[in-house]
Amino acid sequence: MPASYEIADTLLATVYFLAVVTALQVIVVRTAVRNPALRPHIMTLRLAALAWCAMALVKKAVLDELLPPTDALYHELIAREVADLFRDGLHREAFSYFGIGNPAYRFLLGVFYYCTGAPELIAYAVNGALGFWGMLALLDVLSSTVGTRRIPLSIVLTCTFLPSGILWTTTNLKEGAVLWGICMMGYWTLPSAGPRRGAVLAAAGAATVAVLRPHIGLLWMVTIGIFVLLRERRLAIVGVIAVGSLAGLALIKTMAPDMFDAAVSGGVSSSLDSQYERVTDDANLVSRHFANSHPTPVLTGLALILFRPWPTETLHIGEVFAGLEAWCIALLGLYYWRSLPKPMYFLRHPRIIAYGLGLLMFGFLFSYMYNMGLAVRQRLMAYPAVLTLYFWPTLELGRLRTLHALSQTGARLQPQRMPLPQAARATVASA
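Residues 850 to 1280, numbered by the working numbering, are exactly what the sequence shown covers, in order.
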């Protein structure tokens, strides 16, 4: 390639990369200014956004040279073919690459390349930016829902500097887009009296997850539907849950018809058992952590999401970091729960019930994982539920304390604030 073309490509990559960084900084500032709970942490959030973008450079320039990403290379190859077909005007042939799951990601990536002419580095940066935006939205939803004026720095750091998030979204994989979609769906959980500015983002997030990972989208649709049903207690929500669930099942049948038919005819558990036995017999697929193992539905998956790899399973530095992340987050969650004056009050809340049931569903799904690397990467899709269960009670306690202080001083509450229930008064009084 002539030197002039290389210079042009470098300049184009620089312009696009700076555009991604700038756009992410704008999103951070707008979100933090709008949310009083995040406003004190605006510099931390801006630094975290820069860290996610910088990680895209490190992954592309260093880490991928040491460990070539097989899946990412194949995604890139197909996406470039799709982009070339669009440039040649062969739209029918280009659309033939579209499908549910990985084909959807490759097709959309090809459309992105066709429209922008960007190098692969920009795909890394965009995916990482989407991942960070998702974690920022998770913080926004949690603090907006409970109305707290202060969110602990440890929670902000955990969500925005999540190691697995930074590592697995800043690459040419669909993890960043899926994490973004999951976290955007959280805007549906805002109180009905609150603002609806996130409704469009929530719908876009649900569509993204449904196309890229329909089974994950189905689990999250049911989880959020249960929460809204418990909170609103309206039968109309049942229809929304039913429609979303049927759509998810239809997409799953499209993506994996053989597995779907086996589950319908022989049962979900038995079909997953047979698939698990088949893949664990293949030494090229199974990792040593799952060889000759017999999973216990739900319990095995919960342990994999929350704690594994165990210290006795770590043989290289990557496994050590994966284990440290899970253990540190679990210890932080335990610390916050132990700090609650009356944990049972929070265990009865619709959000804890719904997200707890959602985590159980993820536990069942992850019980049949057969590769530790794949499990560590994909449990990122369950982390919004895990982090919510760990941290939300502390944020809710802050809201209750604020309401209690206002009621004690005779201050006038805003119309959208819920009155402090008797059980909450007792909880705050004992704090």
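Think of the CB as a built atom: it goes at the ideal place given N, C-alpha and C, for glycine as much as any other residue.
* Asked: Under a three-way DSSP split, which group does A1059 fall into?
  -> Note: A1059 maps to helix in three-state DSSP.
* For A1224, which option in I1202, F935, A1171 and R929 has the closest C-alpha, if you only look at C-alpha atoms? -> Nearest of I1202, F935, A1171 and R929 to A1224, Cα basis: A1171.
* To do: Classify L1205 as helix, strand or coil using the three-state DSSP reduction.
  => Looking at the sequence itself, residue 1205 is Gly, so the reference to Leu does not match. Residue state, collapsed to three classes: helix.
* Asked: Ends of the alpha helix (DSSP H) at R929?
  -> Counting along the chain, the alpha helix (DSSP H) containing R929 begins and ends at T919 to R936.
* Supposed contact pair T1018 and G977 - C-beta distance, whole angstroms, cut 8 angstroms -> So it is a contact: roughly 5 angstroms between Cβ atoms.
* Asked: Cβ atoms of L894 and V1005: under 9 angstroms apart, would you say?
  -> Their beta carbons are under 9 angstroms apart, which means V1005 touches L894 by this criterion.
* For V869, I'd like the list of residues in its chain whose CB is within less than 8 angstroms of its CB, leaving aside the five on either flank, ordered along the chain. => The beta carbon of V869 sits closer than 8 angstroms to those of C902, I971, A974, V975 and A978, all from its chain and outside the five residues before and after it, given in chain order.
* Asked: Does the distance from the CB of I1075 to the CB of G1212 come in under 9 angstroms?
  -> At the C-beta level, I1075 and G1212 stay beyond 9 angstroms of one another.
* Asked: Looking only at its own chain, which residues have a Cβ that is under 6 angstroms from the Cβ of P1242, when we skip the five neighbours before and after it?
  -> Correct list, in chain order: L1189 and F1195.
* For the alpha helix (DSSP H) that P1012 lies in, which residues bound it at each end? -> Per DSSP, P1012 is one residue of the alpha helix (DSSP H) stretching across P1012 to T1018.
* **Contacting residues, own chain, Cβ-Cβ under 6 angstroms from F935 (five flanking each side not counted)** => If you ignore the 5 residues before and after F935, its C-beta comes within less than 6 angstroms of the C-beta of A943 and Y963, all in its own chain and listed in chain order.
* Do W1029 and G950 have their CB atoms nearer than 9 angstroms? -> Not in contact: W1029 and G950 (Cβ atoms no closer than 9 angstroms).
* In three-state terms, what does DSSP make of L906? -> Three-state result, L906: helix.
* Asked: Just to check, is the beta-carbon of Y923 closer than 8 angstroms to a non-hydrogen atom of the ligand GTP?
  -> The ligand GTP is absent from the structure shown, which contains no ligands of any kind.
* Indicate whether the contact test is met: 3 or more Cβ pairs, each with one atom in the segment 998 to 1017 and one in the segment 1050 to 1067, closer than 8 angstroms. => No: the two stretches stay apart, fewer than three of their Cβ pairs being nearer than 8 angstroms.
* To do: Note down, in chain order, each residue of its chain lying with its Cβ closer than 8 angstroms to the Cβ of P1144, except the 5 sequence neighbours on either side.
  => Once the five neighbours on either side are set aside, the close Cβ partners of P1144 are Y1125, G1150, S1216 and Y1217.
* **DSSP-derived helix/strand/coil call for A1231** => It is coil, neither helix nor strand.
* Given a threshold of 16 other Cβ atoms within 10 Å of its Cβ, counted over all protein chains shown, does V1049 qualify as buried or as exposed? -> V1049 is exposed by the Cβ-count criterion.
* To do: Can you give me the Cβ contacts of R955 inside the same chain, cut-off strictly under 6 angstroms, excluding the 5 residues immediately before and after it?
  => Counting only Cβ-Cβ distances below 6 angstroms, and skipping sequence neighbours, we find H924, I927 and A928.
* To do: Assuming P952 contacts N1021 (C-beta within less than 8 angstroms), just tell me the rounded distance between them.
  => At roughly 15 angstroms, the Cβ-Cβ gap does not stay under 8 angstroms, so P952 and N1021 are not in contact.
* Beta-carbon proximity list for L867, same chain, < 8 angstroms, skipping 5 on both sides -> Here L867 has no same chain residue with a Cβ atom under 8 angstroms from its own Cβ, once five neighbours each way along the sequence are excluded.
* Asked: How big is the Cα-Cα spacing for G1066 and R1080?
  -> Our two residues, G1066 and R1080, have alpha carbons roughly 21 angstroms apart in a direct line.
* Take the Cβ of R883 as the centre, count every other Cβ of all protein chains shown within 10 Å, and call the residue buried at 16 or more, exposed below. => R883 should be labelled exposed.
* Within the same chain, show all residues whose beta-carbon is closer than 6 angstroms to that of R941, passing over the 5 residues directly before and after it, in chain order. => Cβ within range, chain order: n/a, list empty.
* How would you write the range of the alpha helix (DSSP H) that P1192 sits in, first residue to last? -> Boundaries of the alpha helix (DSSP H) harbouring P1192: P1192 to L1196, taken from the DSSP string.
* To do: Write down the C-beta distance between F1240 and Y1185 rounded to the nearest angstrom, noting that I regard them as a contact closer than 8 angstroms.
  => With 8 angstroms as the limit, F1240 and Y1185 qualify as a contact, their Cβ atoms being about 6 angstroms apart.
* Do you know how far the Cα of P968 is from the Cα of H1064? -> Their backbone Cα atoms lie some 31 angstroms apart in a straight line.
* How would you label W1037, buried or exposed, when you count the other beta carbons within 10 angstroms and need 16 or more for buried? -> Buried, by the Cβ-count rule.
* **Selected residue, minimal CA-CA separation from A1179, among R1200, F1156 and S1013** => Among R1200, F1156 and S1013, the Cα nearest to that of A1179 is on F1156.
* To do: Reducing DSSP to helix, strand and coil, say where W1029 ends up.
  => W1029: helix per DSSP, three-state reduction.
* List the endpoints of the continuous alpha helix (DSSP H) containing H940. => H940 -> alpha helix (DSSP H) spans H940 to F944.
* Asked: In three-state terms, what does DSSP make of A967?
  -> Three-state result, A967: coil.
* Does the distance from the C-beta atom of G1025 to that of A1051 stay below 9 angstroms? -> No, they are not a contact pair.
* **Ranges of the alpha helix (DSSP H) found wholly within the segment 948 to 1005, counting only runs of at least 4** => Correct list: 951 to 965 and 969 to 995.
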